[in-house]
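If you're matching them up, the sequences are chains A and B in order.
Remember, this note's numbering sits 90 above the position in the first sequence when you count from 1.
Remember, this note's numbering sits 90 above the position in the second sequence when you count from 1.
Here's the structure we're looking at; comments come further down.
2 protein chains.
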Amino acid sequence: MEIPISLDPDNRQSLQSQLHAQVRTLILGGRLRPGAPLPPSRALAQQLGVSRNTVMLAYQRLTAEGYLQSREALGTFVSNELPESCLTAMRAVPPATAAGDALPARRPIPFRGRAHAVAGARRLPLDFWLGRPDPHSFPFGLWRRLLNRVLAGAGTHFTDYGDPAGLPALRRAIAEHLGPARGIAVDPEQIVVVGGCQEGLDLSARLLLREGDAVAIENPAYQGAAYLYESYRARLLPVHVDDSGLRVADLPDDGAALLYVTPSHQYPMGFMLPLERRLRLLDWAWRTSTYIVEDDYDSDFRYRGSPIPALMGLDTHGCVIYLGTFSKALGAGLRLGYLVVPRQLVGPARTVKALHDNGRPWLEQAVLAEFIASGAYANHLRRIRQVYVERRQCLIDCLREHFGEAQVSGSEGGMHLVWHLPPELPRASALQALAAEHGVGIYTLQSGAAHDFGGGPWHEQVVMLGFSSLGAKQIRTGIERLAAAVAAARPTPPPPSTLPGGASRDARGLPVRRPPPR
Amino acid sequence: MEIPISLDPDNRQSLQSQLHAQVRTLILGGRLRPGAPLPPSRALAQQLGVSRNTVMLAYQRLTAEGYLQSREALGTFVSNELPESCLTAMRAVPPATAAGDALPARRPIPFRGRAHAVAGARRLPLDFWLGRPDPHSFPFGLWRRLLNRVLAGAGTHFTDYGDPAGLPALRRAIAEHLGPARGIAVDPEQIVVVGGCQEGLDLSARLLLREGDAVAIENPAYQGAAYLYESYRARLLPVHVDDSGLRVADLPDDGAALLYVTPSHQYPMGFMLPLERRLRLLDWAWRTSTYIVEDDYDSDFRYRGSPIPALMGLDTHGCVIYLGTFSKALGAGLRLGYLVVPRQLVGPARTVKALHDNGRPWLEQAVLAEFIASGAYANHLRRIRQVYVERRQCLIDCLREHFGEAQVSGSEGGMHLVWHLPPELPRASALQALAAEHGVGIYTLQSGAAHDFGGGPWHEQVVMLGFSSLGAKQIRTGIERLAAAVAAARPTPPPPSTLPGGASRDARGLPVRRPPPR
Numbered sequence: 091m092e093i094p095i096s097l098d099p100d101n102r103q104s105l106q107s108q109l110h111a112q113v114r115t116l117i118l119g120g121r122l123r124p125g126a127p128l129p130p131s132r133a134l135a136q137q138l139g140v141s142r143n144t145v146m147l148a149y150q151r152l153t154a155e156g157y158l159q160s161r162e163a164l165g166t167f168v169s170n171e172l173p174e175s176c177l178t179a180m181r182a183v184p185p186a187t188a189a190g191d192a193l194p195a196r197r198p199i200p201f202r203g204r205a206h207a208v209a210g211a212r213r214l215p216l217d218f219w220l221g222r223p224d225p226h227s228f229p230f231g232l233w234r235r236l237l238n239r240v241l242a243g244a245g246t247h248f249t250d251y252g253d254p255a256g257l258p259a260l261r262r263a264i265a266e267h268l269g270p271a272r273g274i275a276v277d278p279e280q281i282v283v284v285g286g287c288q289e290g291l292d293l294s295a296r297l298l299l300r301e302g303d304a305v306a307i308e309n310p311a312y313q314g315a316a317y318l319y320e321s322y323r324a325r326l327l328p329v330h331v332d333d334s335g336l337r338v339a340d341l342p343d344d345g346a347a348l349l350y351v352t353p354s355h356q357y358p359m360g361f362m363l364p365l366e367r368r369l370r371l372l373d374w375a376w377r378t379s380t381y382i383v384e385d386d387y388d389s390d391f392r393y394r395g396s397p398i399p400a401l402m403g404l405d406t407h408g409c410v411i412y413l414g415t416f417s418k419a420l421g422a423g424l425r426l427g428y429l430v431v432p433r434q435l436v437g438p439a440r441t442v443k444a445l446h447d448n449g450r451p452w453l454e455q456a457v458l459a460e461f462i463a464s465g466a467y468a469n470h471l472r473r474i475r476q477v478y479v480e481r482r483q484c485l486i487d488c489l490r491e492h493f494g495e496a497q498v499s500g501s502e503g504g505m506h507l508v509w510h511l512p513p514e515l516p517r518a519s520a521l522q523a524l525a526a527e528h529g530v531g532i533y534t535l536q537s538g539a540a541h542d543f544g545g546g547p548w549h550e551q552v553v554m555l556g557f558s559s560l561g562a563k564q565i566r567t568g569i570e571r572l573a574a575a576v577a578a579a580r581p582t583p584p585p586p587s588t589l590p591g592g593a594s595r596d597a598r599g600l601p602v603r604r605p606p607p608r
Numbered sequence: 091m092e093i094p095i096s097l098d099p100d101n102r103q104s105l106q107s108q109l110h111a112q113v114r115t116l117i118l119g120g121r122l123r124p125g126a127p128l129p130p131s132r133a134l135a136q137q138l139g140v141s142r143n144t145v146m147l148a149y150q151r152l153t154a155e156g157y158l159q160s161r162e163a164l165g166t167f168v169s170n171e172l173p174e175s176c177l178t179a180m181r182a183v184p185p186a187t188a189a190g191d192a193l194p195a196r197r198p199i200p201f202r203g204r205a206h207a208v209a210g211a212r213r214l215p216l217d218f219w220l221g222r223p224d225p226h227s228f229p230f231g232l233w234r235r236l237l238n239r240v241l242a243g244a245g246t247h248f249t250d251y252g253d254p255a256g257l258p259a260l261r262r263a264i265a266e267h268l269g270p271a272r273g274i275a276v277d278p279e280q281i282v283v284v285g286g287c288q289e290g291l292d293l294s295a296r297l298l299l300r301e302g303d304a305v306a307i308e309n310p311a312y313q314g315a316a317y318l319y320e321s322y323r324a325r326l327l328p329v330h331v332d333d334s335g336l337r338v339a340d341l342p343d344d345g346a347a348l349l350y351v352t353p354s355h356q357y358p359m360g361f362m363l364p365l366e367r368r369l370r371l372l373d374w375a376w377r378t379s380t381y382i383v384e385d386d387y388d389s390d391f392r393y394r395g396s397p398i399p400a401l402m403g404l405d406t407h408g409c410v411i412y413l414g415t416f417s418k419a420l421g422a423g424l425r426l427g428y429l430v431v432p433r434q435l436v437g438p439a440r441t442v443k444a445l446h447d448n449g450r451p452w453l454e455q456a457v458l459a460e461f462i463a464s465g466a467y468a469n470h471l472r473r474i475r476q477v478y479v480e481r482r483q484c485l486i487d488c489l490r491e492h493f494g495e496a497q498v499s500g501s502e503g504g505m506h507l508v509w510h511l512p513p514e515l516p517r518a519s520a521l522q523a524l525a526a527e528h529g530v531g532i533y534t535l536q537s538g539a540a541h542d543f544g545g546g547p548w549h550e551q552v553v554m555l556g557f558s559s560l561g562a563k564q565i566r567t568g569i570e571r572l573a574a575a576v577a578a579a580r581p582t583p584p585p586p587s588t589l590p591g592g593a594s595r596d597a598r599g600l601p602v603r604r605p606p607p608r
């Protein structure tokens, strides 16, 4: 009696595991029927050229699992207790390699979501990619010292569950940072430590949304927010942005379940919402009973004037949920950010976080808490702010040098600016493709992790350029290459002087984009 | 002209910040009206006893923010451009300290969720708390060495976004571990790194559920699952558990959107689902087009017999989503686990993870990948398995010594066992309270992170005792104290010999609980 088994000595799996798996497959596939005898271990060992022990161990395991039965003096048999119906069912259908055989052909999954552009994008040699801190700016030495110090006092922190809302020391440090930095006076209890803004968005959506609820959102908006709300089957109400940010006067009179807004540095356009609109917005939220989700993703970087206090700092009615992140000032690989909720949401936010993932890992929370509390974070911010302001100026200068009066927006803060393309240049997608051919990454709104709901003036008219992760030399080379590529593609580029003038200028002499027509 | 401001030199905030905040409050509160003049900086400095520079800087900031306007030769005034409506609205309502004034009084939040018992529980001196690895078992030395080695090659990992589905090296290591350990042959692409089983539950719910969908679930069940599905407004269909785990024959004929099951070591009861039920379960899932969420939370610990292959290893139709965690074998403070999805869900699972939180932190993923790939994880498992099997035996011996023929279930694997209380002892809640008074933590189903949907035989009849985080001496002291507390509370405890006999015994001579009547 031989059974159709063939073992591969070069396989990563042990011979015993291979034998076990193949016998099991024969049984489940119906080729070895319940009650059928198996070859004696000595015989099978001979057949396969393996030790008898290998066969006996495989048989023992299959017996323990219920596939085989051993009968005294008679030998080993396929178990009679295997349910016939299962074996038949398993035999009757082919393996689930063809899509039609898998479950979803009969039960389509209800999840509908689009992958946003933040993660996993291909990098180009000279990539003006967005929202990335300079890798060289990461405070490695200090971080490593703090890591090792914190490790020494780990106690049960590695083995136990922590507070799902976050390490208390980190929440205290964040609360103390938020007062002077963003004009928000909060209790550490109101803070939930999350894995960056995206998780904050998800938690707030879980708290506030039901299927079909209205969500007011900037147009254009951050893709990670737009696609998230879409995946919750919300009814999206895009509200246009002009060069003062969200057009508050256009908000729906009857409110929404929530409004998503980026007041410090509108994503993607970079405009800052002035105080007057902030106050009107809060008034609207209160009148219409709408929660505001304030995404303050890169507010640490403001290069001109004082930062305006966050909406949450101006709010007196508990209408605002605030999202902050360390992905921009330190690094996205830490996956650390925070949600600040009004007092009445402290309990529900904690619960939703516990159900979500029971909280964040201990170690990096502990290191970050030390990093902030020691004052190192404030120093780090000052240092990179200075670096970024120089890179921003370098990028603007390079654009002017090669393309004349480059019209940009959003350069007063943040880590990217938006270049309004002069009419003689290719449109945004074509320019992006042309640049990519030359190893230079520039981004249309859609590929730059934004979502354009349409109807606005910027579609294909602008590209986004991040300046924070490139040194001055790379910035210069990148823009030079871009200019050369444009020149090569269009034999007679007009000199800078032929660009249209007459646009109004902002305080630094940069042309200012007029509000879009509505 | 004086304005009502008082600065506190002992306050943590700078004098300038305090001044800024107080003027802003006066404006927003309507006490300084648009157009009203402010005192000259010199005068205010004198009034407050601060330097003139402090006042000037505060005025400058308020001017930049739009609250104040400076008019040449005339002085500083409250801005006329503040919207009157906002000021009025802000003045008209008191601060949101009283609950009735906050937004939720008008817009109740739709989230309905209960906090489960895993996180944030109070610890007792001798705590038979559940699912906690021994803090002393954590491989600190090696972990620290790996951390520092990995740090040295960090490159852009701290500053950049990684793959939302997880670090490729870790996903490969997990895939290689799962083959021999759980009989699951998977491609690393099918693995999504998550923050423990809870996040895996949440992601799979997001993929598979819509409001009102049916979810079949064990009764009793893991609380973190039951409350999660409840928070998604699923229709829960509890299915009783007997001493062979889920009663597969009782599953609803028309299936469900998903079934949640813990086949290796039913939570909370500890029973193992035998092969025959596993096959019937898969057959049911395929017939009814139901997705199975297999929570294999502590399958690394099996003390008798071979582990039965996971449901996912037996599945040929892509019906099973598998959840594994490192919280039990290493520690919950790492917040690392994984979701294994059938091939057809690879794309959606990656998208849902990206929308969820853009992936896990880099550093601990990298360390864990090295830890597994180097073989250290397999060694660690062998070592703690040996420790736990001894503690389990110690606990059983102690229970027998003090309470006679202690009837336990679930002791063949996992990190806790369930003690079926003899009739002369107080019922579970009373016993838990009594034990707690003596500093000993034992757990009813509900307080032990389980949820009893009712109708089963175990309500108040059992307590759960975790043995993995206590040394033998602590276990002995804990059970001694418990016995003493029981004896003191009930003057005439019957000797062990009066306990009811006649229950059938399992292979180790332990009485076996009969299946519950249905």
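For every residue, glycine included, the Cβ atom is placed at its ideal position computed from N, Cα and C.
Per DSSP, residue i forms a beta bridge with which residues?
i             : result
residue 127/A : 167/A
residue 281/B : 430/B
residue 160/B : 166/B
residue 497/A : 510/A
residue 414/A : 428/A
residue 384/B : 351/B, 412/B
residue 554/B : 508/B, 533/B
Report the rounded CA-to-CA distance for residue i versus residue j, giving the unit in angstroms.
i             : j             : result
residue 577/A : residue 249/B : 34 Å
residue 296/A : residue 226/A : 37 Å
residue 540/B : residue 393/A : 53 Å
residue 524/A : residue 553/A : 13 Å
residue 198/B : residue 345/B : 34 Å
Against chain A, with Cβ distances strictly below 7 Å, would residue i count as a contact?
i             : result
residue 125/B : no
residue 469/B : no
residue 133/B : no
residue 312/B : no
residue 354/B : no
Quick one: which chain D residues come within Cβ less than 7 Å of residue i?
i             : result
residue 269/A : This model lacks chain D altogether, as its protein chains are A and B.
Using only CA atoms, which one of the options lies nearest to residue i?
i             : options                    : result
residue 106/A : 251/A, 141/A, 118/A        : 141/A
residue 388/A : 556/A, 321/A, 281/A        : 556/A
residue 560/A : 506/A, 271/A, 521/A, 498/A : 506/A
residue 493/A : 96/A, 513/A, 478/A, 481/A  : 513/A
residue 628/A : 291/A, 262/A, 124/A        : Residue 628/A lies beyond the range of chain A shown here (91 to 608); nothing can be said about it.
residue 127/B : 269/B, 117/B, 135/B        : 117/B
Within 7 Å of any Cβ in chain B, is that where the Cβ of residue i sits?
i             : result
residue 557/A : no
residue 205/A : yes
residue 425/A : yes
residue 388/A : no
By the 10 Å Cβ neighbour count, where 16 or more other Cβ atoms means buried, how is residue i classified, buried or exposed?
i             : result
residue 432/B : buried
residue 476/B : exposed
residue 454/A : buried
residue 115/B : exposed
residue 101/A : exposed
residue 98/A  : exposed
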